[in-house]
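A.B. asks: Sharing a structure, written as C-alpha cells. Questions coming.
There are 2 protein chains.
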Amino acid sequence: MSSARAASRRATILEVAHQAGVSKTSVSRYFSGERDRLSETMQTRIASAAKRLNYRPNQMARGLKGGHSRLIGMLIADILNPFSVAVMHGVEQACRAKGFSLVVCNTDNDPAQERDHLALLAAYRIEGLVINAAGQPSRELKQLAEQGTPLVLLDRSLGELEADEVGLDNARTIDMALDHLSSKGYGDLLYLSEPTSQASSRQIRLERFEQQRELRGLTGRALSLSLDKEASSLEQAISDFLASPSQRPKALLCGNGNVTLAVTRALQAKGVVLGAIGLMGIDELDWCQLVTPGITTLAQPTKDIGRAATEALLQRLEPNGKAAPPRRIHYQPKLLARGSTQDPPTSTA
Amino acid sequence: MSSARAASRRATILEVAHQAGVSKTSVSRYFSGERDRLSETMQTRIASAAKRLNYRPNQMARGLKGGHSRLIGMLIADILNPFSVAVMHGVEQACRAKGFSLVVCNTDNDPAQERDHLALLAAYRIEGLVINAAGQPSRELKQLAEQGTPLVLLDRSLGELEADEVGLDNARTIDMALDHLSSKGYGDLLYLSEPTSQASSRQIRLERFEQQRELRGLTGRALSLSLDKEASSLEQAISDFLASPSQRPKALLCGNGNVTLAVTRALQAKGVVLGAIGLMGIDELDWCQLVTPGITTLAQPTKDIGRAATEALLQRLEPNGKAAPPRRIHYQPKLLARGSTQDPPTSTA
DNA sequence: GACTACAATGGGAACGGTTCCATTGAGTAG
DNA sequence: CTACTCAATGGAACCGTTCCCATTGTAGTC
C-alpha cells in the first residue's frame with residue numbers, strides 16, 4: 001500500500017535524505033551543482049537513493065526560495081506567422097542550452113490577451129521576457145520592466161521602455177529591395193504593409209520606402225492595411241496600382257510574409273501572372289521558390305535573431321548585467337533573387 | 001529609499017495584508033476565488049491595498065502548497081511543421097480559457113531532447129501533458145504517467161501507456177485519398193511517408209495504403225524515408241516511379257505536409273509539371289492553392305484537434321476524471337480538390 | 001600538544017502562499 | 001436569558017526547497 005502511494009507522488013528531498021541516511025542539506029547540495037563539496041561516499045549514497053525514489057527537485061519550491069524561476073517568457077503577436085515560429089525556435093534552443101525554459105504566449109495581436117499573458121508571466125516570476133508584440137506598451141509590461149525584468153524587443157521599439165532590441169536593419173532592408181528592383185528595371189512601385197501602428201519596424205520600413213522612393217525618382221506609393229478585414233481593399237489597391245498610368249515597369253513590394261501571401265493570393269485571384277508584374281517580399285517562406293517563376297525575397301536570419309535575443313537577455317541576468325546600456329542589434333537580410341523580379345515586360349529594349 | 005526598493009520587487013501577500021490592516025488569510029481568500037466569504041469592507045480594502053502595491057500572487061508559492069501548478073505541458077516533435085503549430089494554437093487557447101498555461105517543448109524529433117524536456121516538465125509539476133512526439137515512450141514519460149499525470153496523444157498511440165488519443169481517422173483518410181484519386185482516373189500510385197517508426201499514425205496510413213491499393217487493384221507502392229538526410233533518395237524514388245512502366249495515370253500521395261513540400265520541390269527540380277503527374281497531400285498548407293495548378297489536399301481540422309485534446313486532458317483533472325476509460329477521438333479530414341489531381345494525361349479517351 | 005584552518009556535514013529559519021482550526025460576535029430559537 | 005448556529009476573520013502549520021550558521025573532525029603550524 002505504502003509503495004503504491006509512493007509511486008503516485010513525486011518523492012521529496014526529505015525522503016531522499018532519509019533513504020540515504022544524510023541530511024536534506026546534503027541532498028540539496030548534490031542537486032544544486034555543489035557536488036564537489038560532498039565526499040565520494042555521500043555522493044554515491046545520494047545518487048542511489050535518488051534513483052531508487054525517482055527523485056526530481058521541485059522547481060516550484062526552488063523558485064520560491066531562491067527567487068529565480070529559471071523561466072523565460074516570450075510574447076508572440078501571431079504564432080501562425082512562420083517567421084515568428086522560426087525566431088521562437090531559435091530562442092527556445094538558446095534558452096535550453098543555458099538551462100532556462102521558455103514559456104510561449106501567443107497574443108493573436110490582441111492587447112487584451114497580451115495583458116492577460118503578461119499578468120500570468122509575472123505570476124510565474126519569469127526572469128526575462130522576449131517580446132514580439134505590443135504596439136503600445138501596456139501597464140503590465142511597464143510594471144514588469146520597473147520590477148527589473150529584462151526585456152528584449154524583437155523588431156520593435158517601445159520608446160519609453162528601456163530594453164534591448166534585436167531585429168532587422170529595416171532601413172537597409174528597404175534600400176536593398178529598392179536597389180534590386182531598380183537594377184532590374186522596375187520604376188513604378190507599390191509597397192504594401194500590415195498596419196504600422198502595431199509594430200515600429202513596419203513604420204520604419206514604410207517611411208524609408210517613401211523617402212527612398214522619392215529620392216530615387218521612382219513613382220508609386222506605400223500603403224498600410226489590415227489583411228484580415230480588408231482582403232477586398234487589398235485587391236482594390238492592387239487593381240488601382242495596375243491600372244494607374246506609368247511608362248515604367250511595375251512591381252509590388254510586400255512588407256512581410258503575411259503580405260506576400262495575401263498579395264500572391266490576390267494576384268492569382270485576379271489572374272495576373274507573376275512576371276507581368278514584379279513581386280518581391282520581405283521574409284522568406286517555404287513556398288516562395290515553388291510559386292512559378294519563384295518569388296524574390298529578402299530572408300531574415302531567424303535563427304541568429306533568436307539566439308541574439310536570448311543572449312542579450314541572459315547577459316542581463318548575470319551579476320553586473322543590468323547596468324549595461326541598451327543594446328541594438330540589427331541584422332542584414334539576405335537577398336534571394338528569383339523569377340518574380342526577373343523580366344519586367346518593357347525592359348528588353 | 002524604501003519606496004525605490006519596493007518598486008523593484010513584487011509585493012508579498014503579507015505586505016498587502018499589512019497595508020490593508022487585515023490578515024494574510026483574508027488576502028489569500030480574496031485572490032483564491034473565495035471573495036464571497038469576505039465582507040464588503042474587507043473586499044474593498046484588500047482591493048485597494050493590492051492595487052496600490054501592484055500585487056500578484058506568486059504562482060510558484062501557490063503551486064507549492066496546493067500541489068497544482070496550473071501548468072500544462074506540450075511536447076512537439078517539430079515546431080517548424082505548420083500543422084503542429086496550428087494544433088498548438090488550439091491547445092493554447094483552450095488551456096487559457098480554462099485558466100491553465102501552456103509550456104511548449106520542441107524536441108526536433110530528438111529522443112534526447114525529448115527526455116530533457118520531460119524531466120523539466122516534471123520538475124515544474126505540470127498537471128497534464130499533450131504529446132505530439134515520442135516514437136517509443138521514454139522512461140521519463142512512463143514515470144510521468146505512473147505518477148498520475150494525464151496524457152493526451154496527438155496522432156500517435158503508445159501501446160502500453162494509458163492515455164487519451166486525439167487525431168485523424170487515418171484509415172478513412174487514406175480511403176478518401178484513394179477514392180479521390182481513383183475517381184479522377186489515377187491507377188498507379190506512389191505513397192511517400194516520413195519514417196514510420198516515429199509515429200504510429202504514419203504506420204497506420206502506410207499500411208492502410210498498401211492494403212487498400214491492393215484491394216482496389218491499383219498498382220504502385222508505398223515508401224517511407226527521412227526527408228532531412230535522404231533528399232536525394234526522395235528524388236530517386238520519384239524518378240524510379242516515373243520511369244516504371246504502367247498504362248495507367250500516375251499520382252503521388254504525400255503522407256504529410258513535410259512530404260508534400262519536399263515532393264513539390266523535387267518535382268520542380270526535375271522539371272516535372274504538376275498535372276503531368278497527379279499530386280495529392282495530407283495536411284493543408286498556405287501555399288497549396290498557390291502552386292499552379294493548385295495541390296489537392298486533405299485538410300486536418302487542426303483547431304478541433306487542439307481543443308479536443310485539451311478538453312480530454314482537463315476532464316481528467318476533474319475530481320472523478322482519472323477513472324474514465326481512455327478516449328479515442330478521430331476526426332475526418334476535409335478534401336480540398338485542386339488542379340493537381342484534375343486531368344490525368346491519358347484519361348481524356 | 002594546543003591552536004588554527006578548513007573541509008564535510010547537519011539544523012533550522014526563511015520563501016510566499018493555502019488551509020485547517022480556533023475565535024469572535026451577532027442573530028435566532030427555545 | 002441562555003444556548004446554538006453561522007458568518008467573518010485570524011493564527012499557525014505546512015508545502016519542498018535553499019542557505020546561513022553551527023558543529024565536528026582532521027591536518028597543519030609553531
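Taken in sequence, the protein lines are chains C and D.
When we follow UniProt numbering, the leftmost residue of the first sequence carries the number 1, and every step to the right adds one.
When we follow UniProt numbering, the leftmost residue of the second sequence carries the number 1, and every step to the right adds one.
Beta carbons: idealized from backbone N, C-alpha and C, even for Gly.
1) I'd like to know if the region 147–163 of chain D and the region 100–112 of chain D are in contact, where contact means that at least 3 CB-CB pairs between them fall below 8 angstroms.
2) Beta-carbon of V57/C versus every beta-carbon of chain D: anything under 8 angstroms?
3) For E214/D, which three-state DSSP category applies?
4) Any beta carbon of chain D sitting closer than 8 angstroms to that of V87/C?
5) Specify the secondary structure class of K250/C as computed by DSSP and reduced to three states.
6) Could you name the residues of chain C that T292/D contacts, counting a contact when the two beta carbons are closer than 9 angstroms?
7) Considering only DSSP beta bridges, list what N106/D is partnered with.
8) Here's the rule I'm using: 16 or more other beta-carbon atoms within 10 Å means buried, otherwise exposed. How should P137/D be labelled?
9) With H, G and I counted as helix, E and B as strand and the rest as coil, what does DSSP make of Q19/C?
10) Let me see if you follow: with CB-CB separation under 8 angstroms, is Q147/D close to chain C or not?
11) Tell me, please, whether the region 279–299 of chain D touches the region 122–142 of chain D by the rule of three or more beta-carbon pairs shorter than 8 angstroms.
12) Provide the residue span of the alpha helix (DSSP H) that contains S26/C, from first to last.
13) Hey, could you find the ends of the beta strand (DSSP E) S224/D is sitting in?
14) Assuming residue 383/C and A251/C form a contact by the criterion Cβ under 8 angstroms, report the distance between their Cβ atoms to the nearest whole angstrom.
15) Can we count D36/C as close to the ligand GTP, meaning its CB is less than 7 angstroms from some heavy atom?
16) Are P249/C and G187/C close, meaning C-beta to C-beta below 8 angstroms?
17) Does the beta carbon of T264/C come closer than 8 angstroms to any beta carbon on chain D?
18) From which residue to which residue does the alpha helix (DSSP H) around T44/D run?
19) Using 8 angstroms as the cut-off, can you tell me whether the region 198–213 of chain C makes contact with the region 17–24 of chain D, which would need three or more C-beta pairs spanning the two stretches below that distance?
20) 8 angstroms is my cut-off, CB to CB: does R10/C come that close to chain D?
21) Measuring alpha carbon to alpha carbon, tell me which residue in D240/D, Y30/D, D110/D, V263/D is nearest Q198/D.
22) Give a yes or no on whether the C-beta atoms belonging to R328/D and E165/D are separated by under 8 angstroms.
23) Please report the straight-line C-alpha distance between A171/D and A222/C, rounded to a whole angstrom.
24) On the CB-based measure, 16 or more other CB atoms within 10 Å of its CB, does A97/C come out buried or exposed?
25) Put A7/D into one of helix, strand or coil per three-state DSSP.
26) Hey, does V259/C have any beta-carbon neighbour from chain D nearer than 8 angstroms?
27) Taking the alpha-carbon of T196/D as reference, which of D179/D, K184/D, Q211/D, S224/D has the nearest alpha-carbon?
28) Taking the alpha helix (DSSP H) that R265/D falls in, what are its first and last residues?
29) One question on the structure: do L121/C and G63/C come within less than 8 angstroms of each other, judged by their Cβ atoms?
30) Leaving aside the five residues before and after K24/D along the sequence, list all residues of the same chain whose C-beta is less than 6 angstroms from its C-beta, in chain order.
31) Comparing C-alpha positions only, which one of A119/D, I79/D, R125/D sits nearest to K65/D?
32) Just checking: is the beta-carbon of R338/D within a distance shorter than 8 angstroms of some beta-carbon in chain C?
33) Unbroken beta strand (DSSP E) runs of length 3 or more, entirely within the region 86–131 of chain D: which are they?
34) Specify, as a first and last residue, the run of the alpha helix (DSSP H) that G339/D falls within.
35) Within the 8 angstroms Cβ cut-off, does Y30/C reach chain D?
36) Cβ atoms of L168/D and H330/D: under 8 angstroms apart, would you say?
C.D. replies: With the given structure in hand:
1) no
2) One point to set straight first is that residue 57/C is Pro, not Val, in the sequence displayed. Judged by the 8 angstroms Cβ criterion, P57/C is in contact with chain D.
3) helix
4) no
5) strand
6) Q268, V291, T292
7) I76/D
8) buried
9) helix
10) yes
11) no
12) 24–31
13) 219–224
14) Outside the modelled stretch of chain C, which goes from 1 to 349, sits residue 383/C, for which no answer is possible.
15) Of the ligands one can find in the structure shown there are none, so the ligand GTP has no counterpart to examine.
16) yes
17) yes
18) 40–53
19) no
20) yes
21) D110/D
22) yes
23) 50 angstroms
24) exposed
25) Low local confidence applies: a pLDDT of 44 at A7/D is under 50, so the model's placement there is unreliable, and no value is given.
26) no
27) S224/D
28) 257–270
29) no
30) I13, L14, A17
31) R125/D
32) no
33) 101–106
34) First-last for G339/D: undefined, no H or E at that position.
35) no
36) yes
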